[in-house]
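Reviewing the structure listed below.
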Amino acid sequence: MKLHSCLLLSLIILMLAACGTDEEPSSGTTASIDDFSVENTEASATEGDFFYRLVSEKEEYASGGPVEIYAELEYVGDQETINIFHAASPFYFPMEEKTRDYEIHYGMEEPLITTTLTKGEPLREQYTGSGGYSDQEDDAYIEFTQNIMNKQFPEGYYVVEGYADFYTETPEDGQTNYEMHAEIDFKVVGE
């Protein structure tokens, strides 16, 4: 009986300890912007006959304003043109703000769109904003995300883990899927 009571007590203690480990998004700064340095404002990847490039126009932007990021996809194969198939865009711009440890989600509508790429002419798209939250998030995260959605970036160190996601289809090769990744970073500093 004593062994049974000890096991029951141990189980209760473990359950209570586990209940206290739920982590909410941090509500304040966890690191200083000075703890980070910008490494890459431009990155690229090549897969098959395609070249993907992700670029931040600057290493630092002023807080409260937009950032200037774009992605390019270029066909470098043998044909003059090729069709690619993708969601609303082949480009995704998910990012993370490292001083707060916040993820900035990048949603995408998913119709099937066909885009014709001409050899040597990059398809280019500017980042136009992102973000999303639920009413279950803490107030600091909601405010931060609303600023991002309004293109008013708060001070911080940002890493963009961008990618191009599309496929091609030919009678010879059938469907070929591509997911090309590149990572850039930048800072947003107070004035």
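Per numbering that gives the first Met the number 0, the very first residue in the sequence shown carries number 0; after that it's consecutive. Yeah, the Cβ is synthetic: ideal placement off N, Cα and C, and Gly gets one too. Being a predicted model, the structure only gives us computed values, none of them experimental.
Would you tell me roughly how many angstroms separate the C-alpha atoms of residue i and residue j, rounded to the nearest one?
i      : j      : result
Lys186 : Pro170 : 46 Å
Asn146 : Glu79  : 43 Å
Gly64  : Glu108 : 26 Å
Glu168 : Glu95  : 33 Å
Tyr177 : Glu136 : 34 Å
Ala61  : Phe50  : 31 Å
Met148 : Tyr132 : 10 Å
Asp172 : Met179 : 19 Å
Ile81  : Val37  : 36 Å
Asn39  : Gly47  : 24 Å
Leu15  : Lys57  : Residue confidence for Leu15 is low, a pLDDT of 32 falling below 50, so the modelled location carries little weight; the figure read from the coordinates is stated next. Each residue's alpha carbon lies about 48 Å from the other.
Glu142 : Lys118 : 43 Å
Ala30  : Pro89  : 33 Å
Tyr91  : Glu41  : 15 Å
Pro93  : Asp34  : 22 Å
Please go through the same chain and pick out, in chain order, the residues whose beta-carbon is closer than 8 Å to the beta-carbon of residue i, but skip the five residues on each side of it.
i      : result
Ile32  : Thr98, Glu154, Gly155, Tyr156, Lys186 and Val188
Pro110 : Ala86 and Ala87
Tyr166 : Ile83, Phe84, His85, Gln174, Thr175, Asn176 and Tyr177
Glu59  : Val37, Phe185, Lys186, Val187 and Val188
How would you label residue i, buried or exposed, when you count the other beta carbons within 10 angstroms and need 16 or more for buried?
i      : result
Asp184 : buried
Thr113 : exposed
Glu73  : buried
Gly161 : buried
Assuming residue i contacts residue j under a Cβ cut-off of 8 Å, what Cβ separation, rounded to an integer in Å, is found between them?
i      : j      : result
Ala181 : Ser43  : 6 Å
Glu68  : Tyr126 : The sequence given here places Ile at residue 68; Glu does not occur at that position. About 4 Å; that satisfies the 8 Å criterion.
Within a Cβ cutoff of 7 Å, which residues of the same chain sit near residue i, ignoring the five residues on either side of it in sequence?
i      : result
Pro121 : Glu71, Leu72 and Glu73
Can you tell which of the options has the C-alpha that lies nearest to the C-alpha of residue i?
i      : options                          : result
Ser129 : Ile141, Gly106 and Ala139        : Gly106
Asp100 : Met179, Val158, Ser36 and Lys118 : Val158
Glu102 : Thr115, Lys118, Glu46 and Thr144 : Thr144
Ala163 : Thr45, Glu38 and Phe35           : Thr45
Arg52  : Glu142, Glu124 and Lys118        : Glu124
Asp77  : Phe35, Leu116, Asp34 and Ala30   : Leu116
Counting only the same chain and skipping the five closest in sequence on each side, list residues whose C-beta sits under 6 Å from that of residue i.
i      : result
Lys150 : Pro65 and Gly128
His104 : Gly131
Is the Cβ of residue i closer than 8 Å to any Cβ of chain C?
i      : result
Gly173 : Protein chains in the displayed structure number just one, and chain C is not present.
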